[in-house]
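In the working numbering, the protein residues as written are 404 to 567.
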């Protein structure tokens with residue numbers, strides 16, 4: 404190979420690498436790799452679906468959606484991927500009024516408006532007062548019936564297996 408051929412070969416490889424990294428970053432898939440996960444079609448499709456939806460789907464809802472793109476996928480695979488994403492903190496899990504586990508691709512601190520009648524769940528940016536939340540809810544057509552805020556953490560003086 405002459406110098407010019409090598410130059411163009413390196414240039415093309417560099418371009419492909421840059422384009423690939425832009426695509427991966429755009430799609431959010433680098434986060435999967437950063438968390439030690441292999442990039443499988445199932446993981447990429449499930450992650451993209453959860454990041455793009457605001458419907459807070461159940462595992463079955465995720466399965467129904469993903470099998471349109473990956474017809475051979477099993478429910479067990481979807482369930483295992485969701486659990487792995489939860490373990491890595493890539494998604495959140497919440498329980499709805501019907502005790503079904505729901506999944507949320509938005510891992511930023513935020514509030515959920517949940518309808519106990521129809522199961523609708525809507526994200527609201529985190530606010531620091533009841534009054535502000537009521538204003539936002541009213542503007543969105545919601546009437547708040549109950550408040551439930553849980554914050555999970557580990558205390559400074561944590562003792563394993565110690566009960567209250």
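Glycine included, each C-beta is placed from N, C-alpha and C at the ideal position.
Quantities reported herein were computed from a predicted structural model and do not represent experimental measurements.
- For the pair of segments examined, the stretch 524-533 was found not to touch the stretch 480-489: the number of CB pairs separated by less than 8 Å stays below three.
- Taking the C-beta atoms as reference points, residue 473 is found no nearer than 8 Å to residue 451.
- Its chain contains 516 as the residues whose beta carbon lies nearer than 6 Å to that of residue 545, once the 5 sequence neighbours on both sides are disregarded; these appear in chain order.
- Per DSSP, residue 489 is one residue of the alpha helix (DSSP H) stretching across 478-491.
- Ranked by Cα distance from residue 518, the first of 550, 531 and 454 is 550.
- The three-state reading of DSSP puts residue 405 in coil, since its state is none of H, G, I, E or B.
- When C-beta atoms of the stretch 460-470 are compared with those of the stretch 533-543, fewer than three pairs fall below 8 Å, so the two segments do not count as touching.
- For residue 453, there is no enclosing beta strand (DSSP E); the residue is found in the alpha helix (DSSP H) stretching over 444-455.
- In this chain, residue 436 is not harboured by any beta strand (DSSP E); it is covered by the alpha helix (DSSP H) spanning 433-437.
- When DSSP states are grouped into helix, strand and coil, residue 557 belongs to the coil group.
- The three-state secondary structure of residue 410, taken from DSSP, is helix.
- Residue state for residue 530 is assigned as coil, using DSSP reduced to three classes.
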